[in-house]
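Asker: Mind having a look at this structure? Questions to follow.
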Amino acid sequence: MKKNLVLLSIIATAIISTAAIVSLIDFQDGTKEKGFLEGTVTFIGTPCSEKINHSVPPCDGIYPNYEVIVYKTDGKTIVAKTISDENGNYKISLKPGDYIIYTQNGPFKDDVEINRMTILNGKITKLDLIIDTGIR
0 MKKNLVLLSI IATAIISTAA IVSLIDFQDG TKEKGFLEGT VTFIGTPCSE KINHSVPPCD
60 GIYPNYEVIV YKTDGKTIVA KTISDENGNY KISLKPGDYI IYTQNGPFKD DVEINRMTIL
120 NGKITKLDLI IDTGIR
């Protein structure tokens, strides 16, 4: 009985020590620090018509299923991706720092708007995105 109690005590100490070390590593690595980016994606560009494909909504208004891609400030390195829900809303968890999201702002592929944001630890940053094809 005494041997079992000693063994159990050793195992419990090992588990607690391991958890403390992992927690300390996470804190030093910065993975415990995060904030959130959220907003609504809206589409502007065509009058209501029958939906032709799944990549463009049929009418002006909320934009469900839009792929939101967050980049580092270099504009090339992808940090996170998500898809807007059926109401055009999205939410992404990010480490604190500065980021950008590109959105279409005209009829041509190169017509983009750079949306800049700063994520703060433990805070929610709101950024509504407007996808504008320029077509009226």
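Heads up: the sequence shown begins at 0 in numbering that gives the first Met the number 0, then just goes up one per residue.
Heads up, the beta-carbon is just placed ideally off N, CA and C, and yes, glycines get one too.
What three-state label does DSSP hand Thr45 in the structure shown?
Answerer: For the purposes of this step, residue 45 is identified with residue 46 of the sequence shown, where counting begins at 1. The answer is coil: DSSP assigns Thr45 none of H, G, I, E or B.
Asker: Using a 10 Å radius around the Cβ and a threshold of 16 neighbouring Cβ atoms, would you call Ile118 buried or exposed?
Answerer: Working through the sequence shown from its first residue, we reach residue 118 at position 119. So Ile118 ends up on the buried side.
Asker: In this structure, how does DSSP classify Ser83 when only helix, strand and coil are distinguished?
Answerer: As a working note, residue 83 is residue 84 in the sequence shown. Looking at Ser83 - three-state DSSP - the assignment turns out to be coil, as it is neither helix nor strand.
Asker: From Thr102 to Gly121, what does the alpha carbon distance come to, in whole angstroms?
Answerer: In the sequence shown, the residue the question calls residue 102 occupies position 103. In the sequence shown, the residue the question calls residue 121 occupies position 122. Cα to Cα, the separation comes out at about 26 Å.
Asker: What separation, rounded to the nearest whole angstrom, lies between the Cα atoms of Thr124 and Lys71?
Answerer: On the sequence shown, position 125 is the one that residue 124 refers to. On the sequence shown, position 72 is the one that residue 71 refers to. Rounded to whole angstroms, Thr124 to Lys71 spans 16 Å at the Cα level.
Asker: Determine the DSSP secondary structure at Ile113, reduced to helix, strand or coil.
Answerer: Translated into positions along the sequence shown, residue 113 becomes position 114. Strand.
Asker: Quick one: residues in its chain with C-beta nearer than 8 Å to the C-beta of Ile134, no 5 flanking neighbours on either side, listed in chain order?
Answerer: For the purposes of this step, residue 134 is taken as the residue at position 135 of the sequence shown. Counting only Cβ-Cβ distances below 8 Å, and skipping sequence neighbours, we find Gly44, Thr45, Pro106.
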